[in-house]
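I have placed the structure first, in the form of structure tokens, so that the comments after it can refer back to it.
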Ligand code: C2E
Ligand code: MG
Ligand code: MG
Ligand code: MG
């Protein structure tokens, strides 16, 4: 019935859809004020060296603690900001916050590395994004290797020329670039011969999620071998159990990130954790 009416150009009023649209519009229009008032926070999820158990760095993940709507997850607001053309504003705020934190830690004699996320649109709409990172690095007096730049696999597939150019520029400036969510999309194997990356981030959830577990492990073990064979290092993400960590460790996977080790945490907690290093 609904389909029929659509064909004729009618559409039934769908309150749920209307609500969603209204919420999205609200999210986008409230971003500047949310940045200003500190509702947008940067949390850190520690990354661990499997062999030593020591923290090697962290991924910066944004959090929206809205006074009006409670916590809004990145999975919800990031696509909205991308559609509204506002993702670069959010990301610039996140990167600036991260660089400020890195500078403070450097001054305290703790040289940490942080991975930041880039949206495909940050690059496609701002071809000079590498210059932006250079400016940040100079301003906060950071070593370029302290910033690891995560670009999701699908970006490499959808806008390959632009993304590859930016990757090369960032690497030439000394930043580390890693492909996020490797294995979640398609055609990424072919992409690996087009671009040099510092690291590949394997998301265990994509690999072990459904299907035959034994087959999943076999695929994983060959993926790790293949990535190492082309001279790229690996960080596994979404590691939730000791069993997973030990299996990845036995394959030679050097770094790991996931709820088994640490969940994302507010900056003060991360600061405390790294001030008194402990093994996991
Ligand atoms: P991502 O970059 O792949 O980040 C990893 C996500 O997995 C994070 O979700 C993290 O909290 C979650 N995670 C980490 N370990 C585990 C685990 O063991 N189990 C499970 N189930 N989840 C785990 P989060 O923070 O909700 O972020 C979701 C996505 O939103 C990110 O995926 C990233 O694509 C995007 N995102 C987050 N912050 C930013 C940002 O500042 N800028 C941009 N452009 N995107 C961001
Ligand atoms: Mg990421
Ligand atoms: Mg990921
Ligand atoms: Mg992701």
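Residue numbers (full-length UniProt numbering): 458 to 737.
The beta carbon of each residue, even a glycine, is placed where N, CA and C say it ideally should be.
Terminal residues of the continuous beta strand (DSSP E) containing residue i?
i: residue 503; result: 497–506
i: residue 690; result: 690–694
i: residue 402; result: This structure cannot settle anything about residue 402, because the visible part of the chain is limited to 458 through 737.
Does DSSP classify residue i as helix, strand or coil?
i: residue 634; result: strand
i: residue 706; result: helix
i: residue 509; result: coil
i: residue 711; result: coil
i: residue 463; result: Because residue 463 sits at a pLDDT of 45, beneath the cut-off of 50, its placement in the model cannot be relied upon, and the following sentence gives the value as read from the coordinates. Three-state result, residue 463: helix.
i: residue 591; result: helix
i: residue 527; result: strand
i: residue 575; result: strand
i: residue 522; result: strand
i: residue 697; result: coil
i: residue 458; result: Here the model assigns residue 458 a pLDDT of 39, short of 50, so the residue's position is not dependable, and the following value carries that caveat. In the structure shown, residue 458 sits in coil (DSSP, three-state: anything other than H, G, I, E or B).
Return the Cβ separation of residue i and residue j in integer angstroms, given the expectation that the two are a contact with Cβ distance under 8 angstroms.
i: residue 658; j: residue 692; result: 5 angstroms
i: residue 723; j: residue 518; result: Between residue 518 and residue 723 the Cβ distance is about 11 angstroms, and since that is not below 8 angstroms, they are no contact.
i: residue 582; j: residue 613; result: That pair is no contact at about 17 angstroms.
i: residue 639; j: residue 601; result: With 8 angstroms as the limit, residue 639 and residue 601 do not qualify as a contact, their Cβ atoms being about 23 angstroms apart.
i: residue 499; j: residue 551; result: 6 angstroms
Grab the span of the alpha helix (DSSP H) containing residue i for me, first residue to last.
i: residue 607; result: Careful: residue 607 lies outside any alpha helix (DSSP H), inside the beta strand (DSSP E) at 604–609.
i: residue 539; result: 531–540
i: residue 741; result: Summary: the structure shown does not reach residue 741, with the chain confined to residues 458 through 737, and so no result is reported for it.
i: residue 727; result: 724–732
i: residue 563; result: 544–564
For residue i, would you say it is in contact with chain D, using Cβ-to-Cβ distances shorter than 9 angstroms as the test?
i: residue 521; result: Absent here is chain D; the protein component of the structure consists of one chain.
How about the segment 525–543 and the segment 551–567: do they share at least three Cβ pairs that are nearer than 8 angstroms? no
Should the segment 681–697 be regarded as contacting the segment 487–496, the criterion being three or more beta carbon pairs within less than 8 angstroms? no
Which runs of the alpha helix (DSSP H) fall wholly inside the segment 619–686 and span at least 4 residues, in chain order? Within the segment 619–686, the complete alpha helix (DSSP H) runs of at least 4 residues are 645–648, 661–665 and 670–686.
Does the segment 497–506 come close enough to the segment 587–604 that 3 or more CB-CB pairs lie under 8 angstroms? no
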